[in-house]
(Lines of atoms letter the chains of each structure in order from A and count residues from 1; the text may use other names and numbers.)
(Lines give C-alpha, C1' and ligand atoms only; values in the text may rest on other atoms or scores of the structure.)
Protein backbone atom coordinates (compact mmCIF):
# COMPACT_ATOMS: atom_id res chain seq x y z
CA UNK A 1 0.00 0.00 0.00
CA UNK A 2 2.83 2.39 0.86
CA UNK A 3 5.17 1.15 -1.86
CA UNK A 4 5.12 4.57 -3.54
CA UNK A 5 6.25 6.17 -0.26
CA UNK A 6 9.14 3.74 0.25
CA UNK A 7 10.17 4.28 -3.37
CA UNK A 8 10.46 8.01 -2.69
CA UNK A 9 12.49 7.78 0.51
CA UNK A 10 14.52 4.55 0.32
CA UNK A 11 17.82 4.36 -1.60
CA UNK A 12 17.57 3.67 -5.33
CA UNK A 13 20.45 2.76 -7.65
CA UNK A 14 18.78 4.53 -10.58
CA UNK A 15 16.47 7.21 -9.16
CA UNK A 16 14.14 9.34 -11.25
CA UNK A 17 13.95 13.14 -11.02
CA UNK A 18 11.43 13.14 -8.14
CA UNK A 19 13.49 10.72 -6.05
CA UNK A 20 16.63 12.76 -6.75
CA UNK A 21 14.97 15.95 -5.55
CA UNK A 22 13.87 14.17 -2.36
CA UNK A 23 17.48 13.07 -1.75
CA UNK A 24 18.79 16.62 -2.25
CA UNK A 25 16.18 18.12 0.07
CA UNK A 26 16.80 15.52 2.81
CA UNK A 27 20.56 16.07 2.59
CA UNK A 28 20.11 19.84 2.90
CA UNK A 29 17.56 19.67 5.73
CA UNK A 30 19.57 17.16 7.76
CA UNK A 31 22.80 19.06 7.07
CA UNK A 32 21.40 22.42 8.14
CA UNK A 33 20.13 20.85 11.37
CA UNK A 34 23.50 19.17 12.05
CA UNK A 35 25.33 22.40 11.22
CA UNK A 36 23.58 24.21 14.07
CA UNK A 37 25.00 21.84 16.68
CA UNK A 38 27.87 23.56 18.51
CA UNK A 39 30.84 21.85 20.15
CA UNK A 40 32.73 24.27 22.40
CA UNK A 41 31.20 27.19 20.55
CA UNK A 42 32.14 25.94 17.08
CA UNK A 43 29.69 24.64 14.49
CA UNK A 44 30.07 23.48 10.89
CA UNK A 45 27.23 25.66 9.60
CA UNK A 46 26.01 24.85 6.11
CA UNK A 47 29.20 22.87 5.40
CA UNK A 48 27.55 20.05 7.37
CA UNK A 49 25.38 19.50 4.28
CA UNK A 50 28.47 18.04 2.59
CA UNK A 51 28.83 15.41 5.33
CA UNK A 52 25.16 14.42 5.42
CA UNK A 53 25.39 14.05 1.63
CA UNK A 54 28.45 11.83 2.02
CA UNK A 55 26.64 9.65 4.55
CA UNK A 56 23.58 9.34 2.31
CA UNK A 57 25.74 8.49 -0.70
CA UNK A 58 27.58 5.89 1.35
CA UNK A 59 24.35 4.08 2.37
CA UNK A 60 23.12 3.93 -1.23
CA UNK A 61 21.30 7.15 -2.08
CA UNK A 62 21.93 8.50 -5.58
CA UNK A 63 21.05 11.54 -7.71
CA UNK A 64 19.89 11.20 -11.30
CA UNK A 65 22.85 11.86 -13.62
CA UNK A 66 20.72 14.11 -15.83
CA UNK A 67 20.34 16.72 -13.07
CA UNK A 68 23.42 16.13 -10.90
CA UNK A 69 25.74 18.50 -12.80
CA UNK A 70 23.01 21.10 -13.19
CA UNK A 71 22.23 21.21 -9.45
CA UNK A 72 25.92 21.34 -8.53
CA UNK A 73 26.88 24.08 -11.01
CA UNK A 74 23.78 26.20 -10.39
CA UNK A 75 24.45 26.11 -6.65
CA UNK A 76 28.06 27.19 -7.14
CA UNK A 77 27.07 30.05 -9.46
CA UNK A 78 24.47 31.43 -7.03
CA UNK A 79 26.88 31.17 -4.10
CA UNK A 80 29.86 32.99 -5.64
CA UNK A 81 27.67 35.67 -7.27
CA UNK A 82 26.04 36.43 -3.92
CA UNK A 83 29.47 36.68 -2.28
CA UNK A 84 30.67 39.10 -4.95
CA UNK A 85 27.66 41.40 -4.68
CA UNK A 86 27.87 41.38 -0.88
CA UNK A 87 31.56 42.18 -0.39
CA UNK A 88 32.24 44.09 -3.63
CA UNK A 89 31.89 47.68 -2.36
CA UNK A 90 33.94 47.12 0.79
CA UNK A 91 36.51 45.11 -1.21
CA UNK A 92 37.31 47.99 -3.56
CA UNK A 93 37.16 50.68 -0.87
CA UNK A 94 39.63 48.71 1.28
CA UNK A 95 42.37 49.24 -1.30
CA UNK A 96 42.38 52.93 -0.42
CA UNK A 97 43.38 51.96 3.13
CA UNK A 98 45.42 48.90 4.07
CA UNK A 99 43.71 46.41 1.76
CA UNK A 100 46.78 46.11 -0.47
CA UNK A 101 48.90 44.96 2.47
CA UNK A 102 46.32 42.45 3.72
CA UNK A 103 45.63 41.05 0.25
CA UNK A 104 49.36 40.73 -0.49
CA UNK A 105 49.81 38.63 2.65
CA UNK A 106 46.73 36.53 1.88
CA UNK A 107 47.76 35.88 -1.75
CA UNK A 108 51.30 34.96 -0.60
CA UNK A 109 49.70 32.39 1.69
CA UNK A 110 47.71 30.97 -1.25
CA UNK A 111 50.88 30.65 -3.34
CA UNK A 112 52.76 28.96 -0.49
CA UNK A 113 49.88 26.48 -0.11
CA UNK A 114 50.10 25.75 -3.85
CA UNK A 115 53.85 25.10 -3.58
CA UNK A 116 53.35 22.71 -0.66
CA UNK A 117 50.61 20.93 -2.61
CA UNK A 118 52.96 20.52 -5.59
CA UNK A 119 55.75 19.18 -3.34
CA UNK A 120 53.40 16.58 -1.85
CA UNK A 121 52.39 15.55 -5.37
CA UNK A 122 56.02 15.49 -6.51
CA UNK A 123 57.40 13.36 -3.68
CA UNK A 124 54.49 11.00 -3.07
CA UNK A 125 52.58 8.63 -5.29
CA UNK A 126 49.35 10.59 -5.04
CA UNK A 127 47.49 11.58 -8.20
CA UNK A 128 47.04 15.27 -8.92
CA UNK A 129 43.21 15.05 -8.95
CA UNK A 130 43.24 13.72 -5.38
CA UNK A 131 45.93 16.16 -4.25
CA UNK A 132 44.02 19.19 -5.58
CA UNK A 133 40.91 17.92 -3.80
CA UNK A 134 42.99 17.67 -0.62
CA UNK A 135 44.25 21.22 -1.11
CA UNK A 136 40.72 22.61 -1.61
CA UNK A 137 39.50 20.76 1.48
CA UNK A 138 42.49 21.76 3.60
CA UNK A 139 41.81 25.44 2.83
CA UNK A 140 38.01 24.90 2.98
CA UNK A 141 37.60 26.52 -0.45
CA UNK A 142 34.48 25.29 -2.24
CA UNK A 143 34.92 27.37 -5.45
CA UNK A 144 38.39 25.84 -5.81
CA UNK A 145 36.84 22.38 -5.72
CA UNK A 146 34.31 23.47 -8.36
CA UNK A 147 37.13 24.83 -10.54
CA UNK A 148 39.09 21.58 -10.21
CA UNK A 149 36.07 19.50 -11.26
CA UNK A 150 35.46 21.81 -14.24
CA UNK A 151 39.11 21.54 -15.33
CA UNK A 152 38.96 17.74 -15.10
CA UNK A 153 35.83 17.75 -17.26
CA UNK A 154 37.63 19.85 -19.88
CA UNK A 155 40.58 17.42 -19.92
CA UNK A 156 38.18 14.45 -20.01
CA UNK A 157 36.56 15.82 -23.16
CA UNK A 158 39.93 16.25 -24.89
CA UNK A 159 41.22 12.83 -23.75
CA UNK A 160 38.10 10.59 -23.57
CA UNK A 161 40.08 7.47 -22.67
CA UNK A 162 41.45 8.77 -19.38
CA UNK A 163 39.69 8.22 -16.08
CA UNK A 164 39.97 10.61 -13.15
CA UNK A 165 39.13 10.35 -9.49
CA UNK A 166 36.51 12.66 -8.02
CA UNK A 167 38.40 15.36 -6.07
CA UNK A 168 35.30 15.84 -3.90
CA UNK A 169 36.22 12.66 -1.99
CA UNK A 170 39.61 14.01 -0.95
CA UNK A 171 37.97 17.39 -0.29
CA UNK A 172 35.48 15.83 2.11
CA UNK A 173 38.23 13.95 3.97
CA UNK A 174 40.40 17.06 4.31
CA UNK A 175 37.68 19.60 5.08
CA UNK A 176 37.23 18.92 8.84
CA UNK A 177 41.01 18.96 9.28
CA UNK A 178 41.17 22.31 7.47
CA UNK A 179 38.55 23.88 9.74
CA UNK A 180 40.26 22.61 12.89
CA UNK A 181 43.71 23.71 11.70
CA UNK A 182 42.60 27.33 11.29
CA UNK A 183 40.81 27.43 14.65
CA UNK A 184 43.66 25.74 16.54
CA UNK A 185 46.22 27.99 14.82
CA UNK A 186 44.34 31.09 16.01
CA UNK A 187 44.23 29.75 19.59
CA UNK A 188 47.89 28.68 19.53
CA UNK A 189 49.09 31.99 18.04
CA UNK A 190 47.17 33.96 20.68
CA UNK A 191 48.78 31.92 23.46
CA UNK A 192 52.32 31.88 22.07
CA UNK A 193 52.30 35.60 21.28
CA UNK A 194 50.61 36.40 24.63
CA UNK A 195 47.99 38.55 22.96
CA UNK A 196 45.90 40.88 25.13
CA UNK A 197 42.59 40.95 23.24
CA UNK A 198 41.30 44.17 24.80
CA UNK A 199 44.58 45.95 24.18
CA UNK A 200 44.55 44.86 20.53
CA UNK A 201 40.95 46.05 20.12
CA UNK A 202 41.81 49.47 21.60
CA UNK A 203 44.86 49.79 19.37
CA UNK A 204 42.79 48.92 16.30
CA UNK A 205 40.16 51.55 17.10
CA UNK A 206 42.84 54.20 17.71
CA UNK A 207 44.53 53.46 14.39
CA UNK A 208 41.20 53.39 12.60
CA UNK A 209 40.18 56.78 13.98
CA UNK A 210 43.46 58.22 12.72
CA UNK A 211 43.15 56.75 9.23
CA UNK A 212 39.42 57.22 8.76
CA UNK A 213 37.33 60.33 9.13
CA UNK A 214 33.67 59.38 9.57
CA UNK A 215 31.07 61.80 8.25
CA UNK A 216 29.56 63.74 11.18
CA UNK A 217 27.53 66.88 11.82
CA UNK A 218 28.17 69.50 14.49
CA UNK A 219 26.71 72.89 15.42
CA UNK A 220 28.99 75.89 15.16
CA UNK A 221 28.48 79.34 16.72
CA UNK A 222 30.17 82.06 14.58
CA UNK A 223 32.25 84.24 16.91
CA UNK A 224 35.32 85.33 14.92
CA UNK A 225 34.88 88.93 13.59
CA UNK A 226 36.80 88.24 10.37
CA UNK A 227 33.92 86.04 9.20
CA UNK A 228 31.03 88.41 10.03
CA UNK A 229 28.98 89.63 7.02
CA UNK A 230 30.70 87.22 4.65
CA UNK A 231 28.99 84.70 2.38
CA UNK A 232 29.19 81.01 3.18
CA UNK A 233 31.21 80.54 0.01
CA UNK A 234 33.83 83.07 1.20
CA UNK A 235 33.96 81.55 4.68
CA UNK A 236 34.49 78.03 3.32
CA UNK A 237 37.13 79.31 0.91
CA UNK A 238 39.01 81.31 3.55
CA UNK A 239 39.11 78.32 5.90
CA UNK A 240 40.06 75.90 3.09
CA UNK A 241 36.87 73.92 3.82
CA UNK A 242 35.35 73.66 0.33
CA UNK A 243 34.47 70.00 0.93
CA UNK A 244 32.28 70.76 3.96
CA UNK A 245 28.50 71.22 3.74
CA UNK A 246 26.51 73.84 5.69
CA UNK A 247 23.15 72.08 5.86
CA UNK A 248 21.28 74.49 8.18
CA UNK A 249 21.60 78.07 9.42
CA UNK A 250 19.87 80.00 12.21
CA UNK A 251 20.48 83.70 12.64
CA UNK A 252 21.24 84.93 16.15
CA UNK A 253 18.09 85.94 18.05
CA UNK A 254 15.83 84.13 15.57
CA UNK A 255 14.10 80.77 15.80
CA UNK A 256 13.83 80.38 12.02
CA UNK A 257 15.96 77.61 10.55
CA UNK A 258 16.64 77.33 6.82
CA UNK A 259 18.94 75.58 4.37
CA UNK A 260 21.36 78.27 3.17
CA UNK A 261 22.88 78.82 -0.27
CA UNK A 262 26.54 79.61 -0.82
CA UNK A 263 25.55 83.28 -1.22
CA UNK A 264 23.89 83.47 2.21
CA UNK A 265 25.55 86.05 4.47
CA UNK A 266 26.74 84.96 7.91
CA UNK A 267 26.16 87.32 10.84
CA UNK A 268 27.65 87.54 14.31
CA UNK A 269 26.63 84.63 16.61
CA UNK A 270 24.82 82.75 13.82
CA UNK A 271 24.56 78.99 14.34
CA UNK A 272 25.60 76.68 11.49
CA UNK A 273 25.05 72.94 11.07
CA UNK A 274 28.34 71.70 9.58
CA UNK A 275 28.60 68.29 7.85
CA UNK A 276 31.83 66.59 6.84
CA UNK A 277 34.77 64.50 8.01
CA UNK A 278 35.34 64.72 11.76
CA UNK A 279 38.76 66.36 11.67
CA UNK A 280 37.65 68.86 9.00
CA UNK A 281 34.52 69.82 10.95
CA UNK A 282 36.50 70.28 14.18
CA UNK A 283 39.11 72.40 12.40
CA UNK A 284 36.41 74.59 10.80
CA UNK A 285 34.65 75.17 14.14
CA UNK A 286 37.94 76.11 15.79
CA UNK A 287 38.66 78.64 13.02
CA UNK A 288 35.17 80.21 12.92
CA UNK A 289 34.05 80.15 16.54
CA UNK A 290 33.11 77.36 18.92
CA UNK A 291 30.77 74.38 19.10
CA UNK A 292 27.20 75.40 19.91
CA UNK A 293 24.56 73.79 22.12
CA UNK A 294 21.67 75.56 20.36
CA UNK A 295 18.63 73.25 20.14
CA UNK A 296 16.46 75.29 17.78
CA UNK A 297 18.66 74.53 14.75
CA UNK A 298 17.72 70.85 15.08
CA UNK A 299 14.01 71.65 15.01
CA UNK A 300 11.97 70.03 12.23
CA UNK A 301 9.47 72.91 12.13
CA UNK A 302 10.96 74.85 9.23
CA UNK A 303 13.56 72.40 7.90
CA UNK A 304 13.19 68.61 7.88
CA UNK A 305 15.74 65.85 7.40
CA UNK A 306 14.61 62.86 5.38
CA UNK A 307 16.27 59.72 4.00
CA UNK A 308 15.07 58.70 0.52
CA UNK A 309 16.14 55.83 -1.73
CA UNK A 310 17.26 56.08 -5.34
CA UNK A 311 14.85 53.86 -7.28
CA UNK A 312 13.87 55.87 -10.38
CA UNK A 313 15.79 55.12 -13.57
CA UNK A 314 16.05 58.84 -14.31
CA UNK A 315 18.28 59.39 -11.24
CA UNK A 316 20.54 56.33 -11.58
CA UNK A 317 24.14 56.97 -12.73
CA UNK A 318 23.68 60.72 -12.46
CA UNK A 319 25.86 62.73 -10.13
CA UNK A 320 24.48 65.13 -7.55
CA UNK A 321 25.48 68.14 -9.63
CA UNK A 322 23.33 66.89 -12.52
CA UNK A 323 20.31 66.41 -10.24
CA UNK A 324 20.86 69.99 -8.97
CA UNK A 325 18.42 69.55 -6.08
CA UNK A 326 19.46 72.74 -4.35
CA UNK A 327 18.75 75.14 -7.22
CA UNK A 328 15.58 73.30 -8.22
CA UNK A 329 14.04 72.63 -4.81
CA UNK A 330 16.26 74.39 -2.26
CA UNK A 331 17.31 70.99 -0.92
CA UNK A 332 20.72 69.88 0.28
CA UNK A 333 22.06 66.33 0.12
CA UNK A 334 24.36 65.96 3.12
CA UNK A 335 25.17 62.25 3.01
CA UNK A 336 24.81 59.17 0.84
CA UNK A 337 24.59 55.65 2.32
CA UNK A 338 25.70 52.74 0.12
CA UNK A 339 26.23 49.09 1.07
CA UNK A 340 26.90 49.95 4.71
CA UNK A 341 29.27 52.82 3.84
CA UNK A 342 28.56 56.49 4.60
CA UNK A 343 29.73 58.91 1.91
CA UNK A 344 29.95 62.70 1.92
CA UNK A 345 27.65 64.13 -0.76
CA UNK A 346 30.15 65.76 -3.11
CA UNK A 347 28.74 67.20 -6.39
CA UNK A 348 30.63 64.62 -8.48
CA UNK A 349 29.30 61.60 -6.55
CA UNK A 350 27.52 59.21 -8.93
CA UNK A 351 24.29 57.65 -7.65
CA UNK A 352 23.57 53.92 -7.84
CA UNK A 353 20.26 52.10 -7.60
CA UNK A 354 19.45 51.53 -3.92
CA UNK A 355 21.55 54.42 -2.58
CA UNK A 356 20.01 56.25 0.38
CA UNK A 357 20.24 60.06 0.31
CA UNK A 358 19.90 62.27 3.37
CA UNK A 359 18.07 65.46 2.33
CA UNK A 360 17.69 68.70 4.28
CA UNK A 361 14.95 71.19 3.32
CA UNK A 362 11.25 71.85 3.70
CA UNK A 363 8.74 69.00 3.49
CA UNK A 364 7.12 70.21 0.27
CA UNK A 365 10.47 70.33 -1.50
CA UNK A 366 11.33 66.81 -0.27
CA UNK A 367 8.03 65.55 -1.69
CA UNK A 368 8.92 67.09 -5.06
CA UNK A 369 12.38 65.50 -5.02
CA UNK A 370 10.86 62.09 -4.31
CA UNK A 371 9.12 62.27 -7.72
CA UNK A 372 12.53 62.42 -9.39
CA UNK A 373 14.54 60.10 -7.14
CA UNK A 374 11.87 57.49 -6.44
CA UNK A 375 12.04 56.38 -2.79
CA UNK A 376 10.06 53.22 -3.52
CA UNK A 377 11.05 50.91 -0.66
CA UNK A 378 8.58 48.35 -1.98
CA UNK A 379 10.54 48.16 -5.24
CA UNK A 380 13.74 47.56 -3.28
CA UNK A 381 12.12 44.65 -1.46
CA UNK A 382 11.02 43.03 -4.71
CA UNK A 383 13.78 41.06 -6.45
CA UNK A 384 14.78 42.50 -9.84
CA UNK A 385 15.16 39.28 -11.81
CA UNK A 386 16.37 41.11 -14.91
CA UNK A 387 19.38 42.40 -12.97
CA UNK A 388 19.95 39.14 -11.10
CA UNK A 389 19.85 36.79 -14.08
CA UNK A 390 21.48 39.35 -16.36
CA UNK A 391 24.42 39.52 -13.95
CA UNK A 392 24.58 35.73 -13.74
CA UNK A 393 24.56 35.54 -17.54
CA UNK A 394 27.49 37.98 -17.75
CA UNK A 395 29.32 35.93 -15.13
CA UNK A 396 28.84 32.67 -17.04
CA UNK A 397 30.03 34.33 -20.26
CA UNK A 398 33.16 35.66 -18.51
CA UNK A 399 33.79 32.24 -16.99
CA UNK A 400 33.49 30.56 -20.41
CA UNK A 401 36.11 32.69 -22.18
CA UNK A 402 39.02 30.37 -23.11
CA UNK A 403 42.46 31.72 -22.19
CA UNK A 404 45.11 30.11 -24.36
CA UNK A 405 48.30 29.53 -22.37
CA UNK A 406 51.26 27.76 -24.00
CA UNK A 407 52.10 24.27 -22.68
CA UNK A 408 48.65 23.73 -21.15
CA UNK A 409 46.68 20.81 -22.68
CA UNK A 410 43.41 22.77 -22.75
CA UNK A 411 42.57 26.50 -22.49
CA UNK A 412 42.32 27.96 -18.99
CA UNK A 413 38.87 29.26 -18.05
CA UNK A 414 37.60 31.16 -15.05
CA UNK A 415 34.69 28.71 -14.98
CA UNK A 416 31.48 28.79 -12.98
CA UNK A 417 33.39 29.67 -9.81
CA UNK A 418 35.43 32.75 -10.76
CA UNK A 419 33.37 34.08 -13.67
CA UNK A 420 30.23 35.01 -11.70
CA UNK A 421 32.38 36.23 -8.79
CA UNK A 422 34.34 38.59 -11.03
CA UNK A 423 31.14 39.81 -12.73
CA UNK A 424 29.52 40.52 -9.35
CA UNK A 425 32.58 42.45 -8.14
CA UNK A 426 32.60 44.64 -11.26
CA UNK A 427 28.85 45.22 -11.20
CA UNK A 428 28.93 46.17 -7.52
CA UNK A 429 31.92 48.46 -8.13
CA UNK A 430 30.27 50.43 -10.95
CA UNK A 431 26.69 50.17 -9.74
CA UNK A 432 25.59 48.18 -12.75
CA UNK A 433 26.07 47.50 -16.44
CA UNK A 434 23.35 49.01 -18.63
CA UNK A 435 19.95 47.95 -17.26
CA UNK A 436 21.65 45.56 -14.81
CA UNK A 437 22.21 47.09 -11.38
CA UNK A 438 24.05 45.86 -8.31
CA UNK A 439 21.42 46.36 -5.62
CA UNK A 440 20.09 43.21 -3.97
CA UNK A 441 18.65 43.53 -0.47
CA UNK A 442 20.53 41.75 2.29
CA UNK A 443 17.85 39.12 2.87
CA UNK A 444 17.92 38.09 -0.79
CA UNK A 445 21.73 37.94 -0.82
CA UNK A 446 21.88 35.65 2.22
CA UNK A 447 19.13 33.45 0.78
CA UNK A 448 20.91 33.18 -2.58
CA UNK A 449 24.28 32.39 -0.97
CA UNK A 450 22.95 29.77 1.42
CA UNK A 451 20.67 28.14 -1.16
CA UNK A 452 23.54 27.97 -3.64
CA UNK A 453 26.07 26.45 -1.27
CA UNK A 454 23.50 23.96 0.08
CA UNK A 455 22.66 22.76 -3.45
CA UNK A 456 26.35 22.45 -4.29
CA UNK A 457 27.26 20.58 -1.09
CA UNK A 458 24.28 18.23 -1.39
CA UNK A 459 25.06 17.29 -5.00
CA UNK A 460 28.81 16.92 -4.42
CA UNK A 461 28.39 15.07 -1.12
CA UNK A 462 25.89 12.46 -2.34
CA UNK A 463 27.93 11.80 -5.49
CA UNK A 464 31.25 11.54 -3.60
CA UNK A 465 29.71 9.35 -0.88
CA UNK A 466 29.21 6.50 -3.34
CA UNK A 467 32.91 5.58 -3.22
CA UNK A 468 33.95 7.46 -0.09
CA UNK A 469 34.76 4.50 2.19
CA UNK A 470 36.52 2.45 -0.49
CA UNK A 471 38.66 5.46 -1.43
CA UNK A 472 39.46 6.19 2.22
CA UNK A 473 40.76 2.62 2.59
CA UNK A 474 42.44 2.48 -0.83
CA UNK A 475 44.32 5.76 -0.51
CA UNK A 476 44.97 5.58 3.26
CA UNK A 477 42.69 8.36 4.38
CA UNK A 478 44.71 9.04 7.52
CA UNK A 479 47.70 9.88 5.37
CA UNK A 480 45.47 12.23 3.35
CA UNK A 481 44.49 13.99 6.56
CA UNK A 482 48.20 14.35 7.41
CA UNK A 483 48.89 15.91 4.00
CA UNK A 484 45.91 18.24 4.44
CA UNK A 485 47.30 19.41 7.79
CA UNK A 486 50.65 20.22 6.13
CA UNK A 487 48.90 22.23 3.41
CA UNK A 488 46.89 24.11 6.03
CA UNK A 489 49.31 24.69 8.93
CA UNK A 490 52.55 25.73 7.18
CA UNK A 491 51.00 28.73 5.33
CA UNK A 492 49.15 29.72 8.52
CA UNK A 493 52.42 29.79 10.47
CA UNK A 494 53.96 31.87 7.67
CA UNK A 495 51.02 34.29 7.81
CA UNK A 496 51.29 34.74 11.60
CA UNK A 497 55.06 35.35 11.52
CA UNK A 498 55.02 37.76 8.58
CA UNK A 499 51.78 39.48 9.59
CA UNK A 500 52.67 40.05 13.23
CA UNK A 501 56.43 40.63 13.20
CA UNK A 502 57.08 42.15 9.75
CA UNK A 503 53.83 43.88 8.77
CA UNK A 504 52.87 44.68 12.40
CA UNK A 505 49.26 43.72 11.71
CA UNK A 506 46.76 43.90 14.57
CA UNK A 507 46.17 40.34 15.85
CA UNK A 508 42.37 40.64 15.64
CA UNK A 509 42.75 41.60 11.99
CA UNK A 510 45.20 38.73 11.58
CA UNK A 511 42.64 36.26 12.94
CA UNK A 512 40.13 37.44 10.34
CA UNK A 513 42.86 37.28 7.71
CA UNK A 514 43.60 33.66 8.60
CA UNK A 515 39.91 32.81 8.23
CA UNK A 516 39.57 34.84 5.02
CA UNK A 517 42.66 33.39 3.35
CA UNK A 518 41.10 29.95 3.95
CA UNK A 519 37.58 31.21 3.06
CA UNK A 520 36.46 29.53 6.27
CA UNK A 521 33.17 30.92 7.69
CA UNK A 522 33.28 28.47 10.62
CA UNK A 523 36.68 29.82 11.68
CA UNK A 524 35.41 33.39 11.24
CA UNK A 525 32.39 32.70 13.47
CA UNK A 526 34.74 31.20 16.06
CA UNK A 527 37.05 34.26 15.89
CA UNK A 528 34.18 36.71 16.36
CA UNK A 529 32.89 34.88 19.43
CA UNK A 530 36.34 33.97 20.82
CA UNK A 531 37.54 37.59 20.72
CA UNK A 532 34.06 39.07 21.27
CA UNK A 533 34.68 41.46 18.38
CA UNK A 534 33.64 42.01 14.76
CA UNK A 535 37.13 43.24 13.77
CA UNK A 536 38.03 39.81 12.24
CA UNK A 537 34.98 40.10 9.92
CA UNK A 538 36.36 43.29 8.36
CA UNK A 539 39.69 41.79 7.28
CA UNK A 540 37.88 38.58 6.23
CA UNK A 541 35.72 40.54 3.77
CA UNK A 542 38.75 42.51 2.55
CA UNK A 543 40.66 39.47 1.29
CA UNK A 544 37.86 37.00 0.50
CA UNK A 545 37.21 37.93 -3.18
CA UNK A 546 40.84 38.06 -4.34
CA UNK A 547 41.76 34.94 -2.36
CA UNK A 548 38.82 33.05 -3.89
CA UNK A 549 39.90 33.97 -7.42
CA UNK A 550 43.52 32.98 -6.67
CA UNK A 551 42.46 29.63 -5.21
CA UNK A 552 40.31 28.96 -8.28
CA UNK A 553 43.27 29.64 -10.58
CA UNK A 554 45.60 27.61 -8.38
CA UNK A 555 43.33 24.55 -8.49
CA UNK A 556 42.90 24.79 -12.27
CA UNK A 557 46.60 25.33 -12.96
CA UNK A 558 47.68 22.35 -10.87
CA UNK A 559 45.18 20.15 -12.72
CA UNK A 560 46.12 21.39 -16.20
CA UNK A 561 49.90 21.37 -15.61
CA UNK A 562 50.27 17.99 -13.96
CA UNK A 563 47.27 15.89 -14.98
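Residue numbers (our numbering): 4 to 566.
Even for Gly, the Cβ is constructed at its ideal location relative to N, Cα and C.
Just so you know, these numbers come straight off a predicted model, no measurement behind them.
Cβ-based neighbour list, residue i, same chain, cut-off 8 Å, excluding 5 preceding and 5 following
i	result
residue 2	One cannot answer for residue 2 here, as it falls past the ends of the chain, which runs 4 to 566.
residue 457	31, 34, 35, 49, 52, 78
residue 321	353, 354
Residue nearest to residue i in terms of C-alpha spacing, selected from the options
i	options	result
residue 367	377, 332, 337, 348	332
residue 339	219, 34, 374	219
residue 420	435, 79, 204	79
residue 281	385, 246, 175, 402	246
residue 233	257, 250, 264, 259	264
residue 613	314, 497, 405, 361	Because the chain here runs from 4 to 566, residue 613 falls outside it and cannot be looked at.
residue 527	189, 42, 147	189
residue 277	270, 286, 196	286
residue 74	466, 63, 439, 107	466
residue 136	409, 151, 284	151
residue 101	294, 386, 507	507
residue 379	357, 140, 116, 398	357
residue 555	458, 126, 104, 139	139
residue 269	284, 249, 396	249
residue 290	300, 470, 242, 355	242
residue 260	237, 239, 244, 299	299
residue 383	355, 517, 535	355
residue 104	501, 523, 535, 174	501
residue 258	437, 306, 238	306
residue 196	509, 474, 470, 438	509
residue 292	453, 361, 321, 238	238
residue 125	415, 426, 486	486
residue 541	415, 95, 360	95
residue 567	521, 517, 493, 523	In this structure the chain extends from 4 to 566, so residue 567 is not present and cannot be described.
residue 202	376, 535, 518	535
residue 302	294, 341, 328, 364	364
residue 66	11, 120, 42	11
residue 437	398, 390, 255	390
residue 107	27, 341, 519	519
residue 255	279, 17, 226	226
residue 334	346, 369, 400, 20	369
residue 149	194, 76, 160, 62	76
Presumed contact (8 Å Cβ cut-off) between residue i and residue j, rounded CB distance
i	j	result
residue 31	residue 461	5 Å
residue 402	residue 422	2 Å
residue 235	residue 267	5 Å
residue 70	residue 9	With a Cβ gap of about 22 Å, residue 70 and residue 9 do not count as contacting.
residue 262	residue 272	Between residue 272 and residue 262 the Cβ distance is about 19 Å, and since that is not below 8 Å, they are no contact.
residue 548	residue 87	6 Å
residue 112	residue 504	Between residue 504 and residue 112 the Cβ distance is about 15 Å, and since that is not below 8 Å, they are no contact.
residue 551	residue 146	5 Å
residue 116	residue 490	6 Å
residue 180	residue 141	7 Å
residue 372	residue 351	Incorrect: roughly 19 Å between the Cβ atoms, too far for contact.
residue 336	residue 348	4 Å
residue 404	residue 85	Their Cβ separation, rounded to whole angstroms, is 22 Å, which puts residue 404 and residue 85 out of contact at 8 Å.
residue 374	residue 310	Not quite, the Cβ-Cβ distance comes to about 16 Å (not below 8 Å), so this is no contact.
Run of the alpha helix (DSSP H) containing residue i, from where it starts to where it stops
i	result
residue 407	It is not in any alpha helix (DSSP H) - residue 407 carries neither H nor E in the DSSP assignment.
residue 325	323–326
residue 456	445–468
residue 357	Where residue 357 is concerned, there is no enclosing alpha helix (DSSP H), given that its DSSP letter is neither H nor E.
residue 570	Beyond the ends of the chain as shown, which are 4 and 566, falls residue 570; an answer cannot be given.
residue 550	538–565
residue 26	20–38
residue 195	170–195
residue 270	Looking at the DSSP string, residue 270 is not in any alpha helix (DSSP H), and its letter there is neither H nor E.
residue 157	145–161
Residue i, enclosing beta strand (DSSP E) - first and last residue
i	result
residue 308	307–312
residue 250	248–253
residue 337	335–341
residue 221	218–225
residue 294	292–294
residue 345	344–347
residue 506	Note, residue 506: premise wrong, no beta strand (DSSP E); not H, not E.
residue 279	274–280
Chain-order list of residues whose beta-carbon lies under 7 Å from that of residue i (same chain, five-residue window excluded)
i	result
residue 538	204, 207, 511, 512, 515
residue 209	none
residue 394	84, 426, 427, 430, 439
residue 415	406, 408, 559, 563
residue 553	110, 113
Segment contact flag, the segment 170–189 with the segment 129–136, C-beta cutoff 8 Å, min 3 pairs
Contact annotation: the segment 170–189 touches the segment 129–136, with at least three C-beta pairs closer than 8 Å.
I want to know whether the segment 428–438 touches the segment 77–92 - three or more CB-CB distances under 8 Å.
yes
Contact between the segment 51–61 and the segment 20–38 (3+ Cβ pairs under 8 Å)
yes
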